[in-house]
Each structure stands twice: as structure tokens, then as C-alpha cells.
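Here the structure comes first, spelled out in C-alpha cells, and everything after it is commentary.
Numbering (mature numbering (1 follows the signal peptide of the UniProt record, and there is no 0)), first residue to last: -26 to -1, 1 to 257.
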């Protein structure tokens, strides 16, 4: 009798699990249905070409939003609506429900992977610095800036470059938070900062537009790792993330992915050479 009771209990647990599973899955899937009905996904971006860009007429482009727009179309969500955000505010905004996804060159790191549900890799890049022609202070790394007690470096607030500089020993008061690329460029030109740090492609885009022979790019920054981003979703929206990954994988295989990102200077091969699992486990 005791054995029958145990078996009955196990069977009851199994039935309960079966009854609960569809409901749990349905709640998880509801996000995509909500976006389909809404007709658009709210994305957080930074105005940092070629990752992301906002034209004078408000049109959003750049490699990350272009990939997201195509994937959402394939998922039945007709468009994306973008909001410009500082990197440090993106994850809190996502967690608070102000965005549906972050598509902004938000590089994968273990602490970020613990806070959001990343897609598989989309864009990969290394770090660079913009300095005056001739690199008068001889910077090759963030450690070089730390060693020079008079040197200052500009970086996006809450971004990878700010953290790399601080971790290299640059004091907080010598790491200057810069709101956007054009401001960083102008601050180097005016001598208000000695270097401005962004990913290689972003710095190259600034240099191309500035066409200023008095500036120089240091790339890659010595000792700084190569990073990859992914679309970042709120924890709990893993079903939406998984659906996104399915379409992303199809685009990578068909060559559509390369057609979108490579005109911006990114390498599809680099994004396809690694995985979310590896990047989230990296030190």
C-alpha cells in the first residue's frame, strides 16, 4: 500500500508538471504575440555609427538595428522604434520594461549575461583611441594613460571603454564621460581630453566624417580584448530571444547576415566564429 501511495504521488507530480508546462510556455511566448499585435518592437540604441545611427529625419539605421529590423520582420513584427540611451542606462531600462530589446553594440560580459538574455553574437570589434596627430603622449594602452598623471580619456558613460580605463588604473576624475561620438571628437580637437576611446569601427567612422588631418587613430588598444555584442532581451523573455536566434541563424547560413553588416565594416565571419556561451564565460 505504501508503495502504491508513492507511485500515486509521483504520478500526481508528473500530471501537475504536464498541466503547468503549457501555461508557463504560453506566458513566455506571449511577448512575441504582444509585439506582433503592437506592430513594432521598442529598441534601445546609442547614436554610435556604424553600430547604430539616427539621421536628421529620425530614421534609425546602423548594423545592429538593421539586423534587428529584418529579424523582427521575419517574426511578424513589422518595424522597430528606437530610443537613444547611454550604455549604463540600457539594462536598467530593459529590466524596467521601457525597451523590448537592446540593439546597440552592448558587448557580452559575464555580469551582463547574468542580467539579460543575449542572442547569439551579432557584431564583433576591438578597441581604439582617437588622439592628436603623432600621438604626442605615446598611448598604446589604457595603462599608458593611467601612468601619465596629467592624461585624460573620454568614453561613453557605462560603456566598455569606461570600465576598461578604470580597471587599468585610470583614476575616476581622469575618465571623462562623453555623451556621443561628435562630442568626443570635438573634445580631442579642442585639447579638453587627450584621448577618446570607442570600438575601432566607431572611431574610424568619426575620423572619416571629420576628415581632420590633425587627428590619429590608435588601434587596436593593447591589452584590450575583442568583444562581440548580441541583441539583449529581458530575463523572462527567453522564448522571444530563442525565436530571434532561430532567424539569426538562418540569416547567417543564407548569407543575408553578411549582406547587412559587412557594408558597415563588420565581419560576419567573426560573429560566426564564436558563441554566446563562450562570450558569457569569458573573463
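All C-beta atoms in this analysis are idealised placements derived from N, C-alpha and C, irrespective of residue type, glycine included. Keep in mind the model is a prediction, meaning the values are calculated, not measured.
Tell me the rounded alpha-carbon separation between residue i and residue j.
i	j	result
residue 60	residue 20	6 Å
residue 243	residue 253	16 Å
residue 84	residue 255	6 Å
residue 96	residue 161	31 Å
residue 82	residue 167	28 Å
residue 228	residue 205	20 Å
residue 141	residue 230	38 Å
residue 30	residue 218	29 Å
residue 28	residue 179	14 Å
residue 113	residue 35	33 Å
residue 211	residue 8	12 Å
residue 68	residue 149	26 Å
residue 13	residue 197	44 Å
Judging by CA-CA distance, which residue of the options is the nearest neighbour of residue i?
i	options	result
residue 73	134, 17 and 232	17
residue 78	99, 111, 255 and 230	99
residue 115	255, 154, 170 and 155	170
residue 44	248, 240 and 220	220
residue 133	172, 222, 89 and 179	172
residue 209	251, 87, 13 and 113	87
If contacts are defined as beta-carbon pairs under 8 Å, then residue i and residue j qualify, I think. What distance do you get, rounded to the angstrom?
i	j	result
residue 190	residue 121	Wrong, their Cβ atoms sit about 20 Å apart, outside the cutoff.
residue 152	residue 101	So it is not a contact: roughly 15 Å between Cβ atoms.
residue 234	residue 90	In fact, because the Cβ distance is near 23 Å, the residues do not count as touching under 8 Å.
What did DSSP end up calling residue i once you bin it into helix, strand or coil?
i	result
residue 248	coil
residue 228	helix
residue 205	coil
residue 63	helix
residue 114	coil
residue 176	helix
residue 190	strand
residue 103	strand
Given that a residue counts as buried once 16 or more other Cβ atoms are within 10 Å of its Cβ, and exposed if not, what is residue i?
i	result
residue 123	exposed
residue 176	buried
residue 110	exposed
residue 147	exposed
residue 157	exposed
residue 155	buried
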